[in-house]
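2 protein chains.
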Amino acid sequence: MINDDVIPRRGFSPSEFETRVERAQRIMQRHGLDAIFVTSPPNVRYFTGFDSQFWESPTRPWFVVVPLSGRPVAVIPEIGAPEMALTWMEDIRTWPAPVPEDDGVSLLKATLEGLPRRFGRIGAELGREMSLRMPVIDLFRLRDSLGSEIVDGSPAIWAMRMVKTDAEIAHIHHICTIASAAYAALPGQISIGESEREAVRKLRIDIARRGADATPFMPAISGPGGVPQIVCGPHDRILETGDILFIDTGSTFDGYFCDFDRNYAIGGICAEAARVHEALWLATEAGIAAAVPGATTDAVWQAMSRIIEDAGAIGNNVGRLGHGLGLQLTEPPSHRPGDGTVIVENMVLTIEPGMEYAPGKMIVHEENIAITADGPRLLTRRAPREMPVIR
Amino acid sequence: MINDDVIPRRGFSPSEFETRVERAQRIMQRHGLDAIFVTSPPNVRYFTGFDSQFWESPTRPWFVVVPLSGRPVAVIPEIGAPEMALTWMEDIRTWPAPVPEDDGVSLLKATLEGLPRRFGRIGAELGREMSLRMPVIDLFRLRDSLGSEIVDGSPAIWAMRMVKTDAEIAHIHHICTIASAAYAALPGQISIGESEREAVRKLRIDIARRGADATPFMPAISGPGGVPQIVCGPHDRILETGDILFIDTGSTFDGYFCDFDRNYAIGGICAEAARVHEALWLATEAGIAAAVPGATTDAVWQAMSRIIEDAGAIGNNVGRLGHGLGLQLTEPPSHRPGDGTVIVENMVLTIEPGMEYAPGKMIVHEENIAITADGPRLLTRRAPREMPVIR
Chain E
1 MINDDVIPRR GFSPSEFETR VERAQRIMQR HGLDAIFVTS PPNVRYFTGF
51 DSQFWESPTR PWFVVVPLSG RPVAVIPEIG APEMALTWME DIRTWPAPVP
101 EDDGVSLLKA TLEGLPRRFG RIGAELGREM SLRMPVIDLF RLRDSLGSEI
151 VDGSPAIWAM RMVKTDAEIA HIHHICTIAS AAYAALPGQI SIGESEREAV
201 RKLRIDIARR GADATPFMPA ISGPGGVPQI VCGPHDRILE TGDILFIDTG
251 STFDGYFCDF DRNYAIGGIC AEAARVHEAL WLATEAGIAA AVPGATTDAV
301 WQAMSRIIED AGAIGNNVGR LGHGLGLQLT EPPSHRPGDG TVIVENMVLT
351 IEPGMEYAPG KMIVHEENIA ITADGPRLLT RRAPREMPVI R
Chain D
1 MINDDVIPRR GFSPSEFETR VERAQRIMQR HGLDAIFVTS PPNVRYFTGF
51 DSQFWESPTR PWFVVVPLSG RPVAVIPEIG APEMALTWME DIRTWPAPVP
101 EDDGVSLLKA TLEGLPRRFG RIGAELGREM SLRMPVIDLF RLRDSLGSEI
151 VDGSPAIWAM RMVKTDAEIA HIHHICTIAS AAYAALPGQI SIGESEREAV
201 RKLRIDIARR GADATPFMPA ISGPGGVPQI VCGPHDRILE TGDILFIDTG
251 STFDGYFCDF DRNYAIGGIC AEAARVHEAL WLATEAGIAA AVPGATTDAV
301 WQAMSRIIED AGAIGNNVGR LGHGLGLQLT EPPSHRPGDG TVIVENMVLT
351 IEPGMEYAPG KMIVHEENIA ITADGPRLLT RRAPREMPVI R
């Protein structure tokens, strides 16, 4: 059992990275890949531990090559070498970026061609729920000159990242704990007559004070009895009696996200919204209970969906009822019909039932859980069964 | 002259977007493009005004099509429709994402094929300093079924975005003003014996309090007499007498970035670091003075480089001495030999001379300027000529 008060050590041990790479290599073997190369912040960080906010600058591409055997190789701009040298990585190859004429392409090609060739296939981030962080024209250039075929490596990469290590789960649990405490304290910080934007500013500052590194995601929206959408805002709208204020956050600790929301009744809650809130609270209970090793994401969806339908849902523009999370705010799998992923120990998932109960009036709940051999374990502090009131 | 105390109105008028689109269409005409389609947050925002932190979730692709004539079309997940409807966009087409089997590809294809065909070429974000935010396998699927050729639209898109409107410059100026004030106040907030991480936390909170929306980029590093790199950190390192603390920030207001750093002497500064600091202050002056309409980025680089070389630089792993900024932390052009971009009115640029003067001891200065018909105009409050001291 993890103590809520313990701050996990930042970073991960070299043996953690060795374990990740060994597991990745077993998966690459199954997928018939001689190597994968990754370019995106979460994938680079997963294999190297490299942490930077410099990803905000899209000027220079970065590459990490994970071969079928042996240690990963960093192929990166010179500007990043001093910091990469502080990680567990030993083989760091650099070029003096930016050089638009050849920004790492020939160095990456040489690195890939220096590896043993067995399957003749190299995996890259070409598929679902990830982006390739390099110019596509450079991918074409690489593909046209490389002896091996470049294929979609994302199914292999998701098989690696979808199941977390205990240390990763401790990180996610810590940021969930920070955000849970900040959410619980919010009614003491804001009042009727303040704006959505002001509420978000105060919550952002409080989450930073409590030890979060960053808050890349904090949409907020308010409306009478519910909200029309849950992914944008805040706006300057003033909170008025009868409103529901919805706030969601993906804040981070040492690279790992939480992703859960909370709802607040402004002044008080009407009977209809309270009824829907209760149904969603019960749907969340059902979703959590269904997320056991061996169940599918479809079954988790079904457990929630039944309750939501019975409560009179007229829609839900979210398209699913929860998903994975970790180094990204959202990751596979999705709780939706047809996803079919089998839930296994050490996955981290959101349980996110939501419904529109009248036009433009949506309420959405969300908790984060880790899957253990004994079943689901809450990482967030469970939302109160009665919606907290802001006065 | 913009008053430092005026907060620009959030968002932009419909006529501003009309102007952007008309200018984009003239550029598309020159580049021989029937349309461009964009997928990345800054490009979607540039044409629509759509603001969301939901970009943190990579699950669903979003598309905006800008045709050679007529208004742009949004092709987006249902979850985003209510908020997109609040922008100036009229034609919003949605699908119930996520649907991995066809996440918007056929809807995008139908939209593109509904446009008049003149050049048979569609521009996409395939090139420099931008990423395609959709699965590359879906780009392949689109390319293989589309009647028109998909080509690299990034030179056209950068021609559009590199020259700002007055309203965009007012946004950048505002976030520069906020960050300038927070940087100036920092010595009163931290002391010898605190950590880099603590300094960053205080500066982040102060910048939020002063009205920034977010701080996606705030690397910080300290070291005796200088720092080994400028893009990573903070770490838990304790600030000690003789250190230089380097902090950079890309904070945002209404989507627009500042990007400039400040240096602080811990306890006091040694003669050698003070000499280098003075040289870089003068190099910044020279870089600003050189950034006049009609000059090239090479000439701006040359003006700074001469002073840095004379001061005894042994290296600079940054690879350039400044760049564009706006909706991204870094944008084209680059002040580097061979870039060759001609500077024109309404560009916004960083002036960023830096040098390593002894192994592992680097000092880097940075200011942000807008180009006017009369020459460069500072958007940041000029760094003090003597390095501020933290005691």
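Order-wise, the sequence lines are chains E and D.
Using full-length UniProt numbering, you'd call the opening residue of the first sequence number 1 and step up by one each time.
Using full-length UniProt numbering, you'd call the opening residue of the second sequence number 1 and step up by one each time.
Every residue gets a Cβ at the ideal spot worked out from N, C-alpha and C, and that includes glycine.
None of these values were measured; they are calculated from a predicted model.
Residue burial classification, residue i (beta-carbon count within 10 angstroms, cutoff 16)
i        : result
E:Ile390 : buried
E:Pro14  : exposed
E:Val300 : buried
E:Ala85  : exposed
E:Pro337 : exposed
D:Ala373 : exposed
D:Ile314 : exposed
E:Pro41  : buried
E:Met1   : With a pLDDT of only 37 at E:Met1, under the threshold of 50, the placement of this residue in the model should not be trusted; the figure read from the coordinates follows. Result: exposed.
D:Phe12  : buried
D:Cys232 : buried
D:Glu83  : buried
D:Pro333 : buried
E:Ile7   : exposed
D:Val66  : buried
E:Glu125 : buried
Which listed residue (the options) has its alpha carbon closest to that of residue i
i        : options                                : result
D:Pro72  : D:Pro82, D:Met89, D:Glu240, D:Leu33    : D:Met89
D:Val64  : D:Ile92, D:Gln53, D:Pro388             : D:Ile92
D:Ala291 : D:Arg381, D:Cys176, D:Glu352, D:Pro116 : D:Glu352
E:Pro155 : E:Asp138, E:Ser148, E:Gly123, E:Arg117 : E:Gly123
E:Thr19  : E:Asp51, E:Gly32, E:Lys164             : E:Lys164
D:Gly153 : D:Trp62, D:Ile266, D:Met28             : D:Met28
D:Ala185 : D:Ala81, D:Tyr264, D:Arg306            : D:Tyr264
E:His173 : E:Asn368, E:Arg385, E:Ala81            : E:Asn368
D:Thr59  : D:His365, D:Leu379, D:Glu101           : D:Glu101
E:Gly271 : E:Thr249, E:Asp243, E:Phe257           : This sequence places Ala at residue 271 of chain E; Gly is not what is there. Nearest option by C-alpha distance: E:Asp243.
D:Ser145 : D:Ala182, D:Gly326, D:Gly80, D:Ser106  : D:Ser106
E:Pro135 : E:Met160, E:Asp103, E:His235           : E:Asp103
E:Gly226 : E:Ser52, E:Ala358, E:His235            : E:Ala358
E:Gly360 : E:Leu329, E:Arg117, E:Leu203, E:Asn317 : E:Asn317
Contacts of residue i in chain E (Cβ-Cβ under 9 Å)
i        : result
D:Asn43  : Result: empty, since nearest Cβ-Cβ is about 11 Å, beyond 9 Å.
D:Arg209 : Arg201, Ile205
Beta-carbon gap between residue i and residue j smaller than 8 Å
i        : j        : result
D:Arg237 : D:Ser195 : yes
E:Gly223 : E:Ile178 : no
E:Leu112 : E:Phe37  : yes
D:Asp339 : D:Thr297 : yes
E:Gly294 : E:Val342 : yes
D:Ala311 : D:Ala279 : yes
E:Ile169 : E:Ala370 : yes
D:Ile269 : D:Met387 : yes
D:Ile288 : D:Met355 : no
D:Ile205 : E:Ala208 : yes
E:His335 : E:Gly319 : no
E:Leu325 : E:Phe257 : yes
D:Leu379 : D:Cys176 : yes
For residue i, the first and last residue of its enclosing beta strand (DSSP E)
i        : result
D:Glu367 : 367 to 372
E:Asp91  : 91 to 95
E:Arg262 : 260 to 266
D:Phe217 : 214 to 217
E:Ala208 : No beta strand (DSSP E) contains E:Ala208, which is instead part of the alpha helix (DSSP H) from 196 to 209.
E:Ile192 : Careful: E:Ile192 lies outside any beta strand (DSSP E) and carries neither H nor E.
9 Å Cβ cut-off: residues of chain D touching residue i
i        : result
E:Val136 : Ala124, Glu125, Leu126, Gly127, Ser131, Leu132, Val136, Leu139, Asp152
Closer than 8 Å at the beta carbon, the chain E residues around residue i
i        : result
D:Glu78  : Asn317, Gly319
D:Gly340 : Here the premise fails: no neighbours, minimum Cβ distance about 11 Å.
Contact list for residue i against chain E, beta-carbon separation under 7 Å
i        : result
D:Glu356 : Ordered by position in chain E, no residue passes the 7 Å Cβ test against D:Glu356, which lies about 11 Å from the chain.
D:Met218 : Gln53
D:Glu18  : In chain order: nothing, as chain E lies at least about 23 Å away.
Residue range of the unbroken alpha helix (DSSP H) whose run includes residue i
i        : result
D:Val44  : 41 to 48
E:Thr297 : 297 to 310
E:Ser334 : It is not in any alpha helix (DSSP H) - E:Ser334 instead sits in the beta strand (DSSP E) that spans 331 to 334.
D:Glu83  : 81 to 84
Listed by chain order, chain D residues near residue i by CB distance under 7 Å
i        : result
E:Leu329 : Glu56, Ser57
Neighbour list for residue i in chain D, Cβ cutoff strictly below 8 Å
i        : result
E:Cys270 : Those within 8 Å of E:Cys270 in chain D number zero; the least Cβ separation is about 21 Å.
message: Against chain C, which members of the stretch 222 to 243 of chain E pass a CB distance test of less than 7 Å?
response: The structure shown has no chain C; the protein chains it does contain are E and D.
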